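Residue numbers (the UniProt record's numbering): 1 to 73.
Some notes on the structure that comes next.
Written as structure tokens, this is what we have:
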């Protein structure tokens with residue numbers, strides 16, 4: 001597990017995920033941290049920026065995942 005900052009995209013039912021993709025703030029990997037029956041979908045970030053740019057990146061990524069598309073699609 002990272003000792004730096006983690007950005008949490010959301011909480012889902014327990015699942016394993018480790019994917020190289022374009023995340024917020026230029027992160028290159030999105031993965032899950034699981035505890036019992038839930039998982040947090042996270043990526044490592046250098047800094048936490050709660051501004052509009054990060055929210056926009058999060059929203060776009062969430063829409064792509066909901067539609068079953070990857071970054072390049």
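A virtual CB, placed ideally from N, CA and C, is assigned to each residue, including glycine.
Just so it is clear, the structure is predicted and the values come from calculations on it, not from any experiment.
Bridge-paired residues (DSSP) for residue 29: To locate residue 29, count along the chain shown from 1; it is residue 29. Note: residue 29 sits in a beta bridge opposite 20.
DSSP bridge partner residues for residue 44 (one or two, in chain order): As a position in the chain shown, residue 44 is number 44, starting the count at 1. Beta-bridge pairing links residue 44 to 6.
For residue 45 and residue 6, the rounded distance between their alpha carbons: Counted from its first residue, the chain shown places residue 6 at position 6. Counted from its first residue, the chain shown places residue 45 at position 45. Looking at the two C-alpha atoms, the distance is approximately 6 Å.
Exposure of residue 42, with buried meaning 16 or more beta-carbon neighbours within 10 Å: Here the question's residue 42 lines up with position 42 in the chain shown. Per the 10 Å Cβ criterion, buried.
Sheet register partners of residue 34 (DSSP bridge): Taking the first residue of the chain shown as position 1, residue 34 is located at position 34. BP columns for residue 34 point to 39.
Top-ranked residue by Cα proximity to residue 10, from 30, 21, 22: Along the chain shown, one-based indexing puts residue 10 at 10. The residue with the shortest Cα to Cα distance from residue 10 is 30.
Collapsed DSSP secondary structure at residue 1 in the structure displayed: Against the chain shown, residue 1 aligns to sequence position 1. Any reading at residue 1 must be qualified, since the residue scores a pLDDT of 49, below 50, and its modelled position is unreliable; no value is offered.
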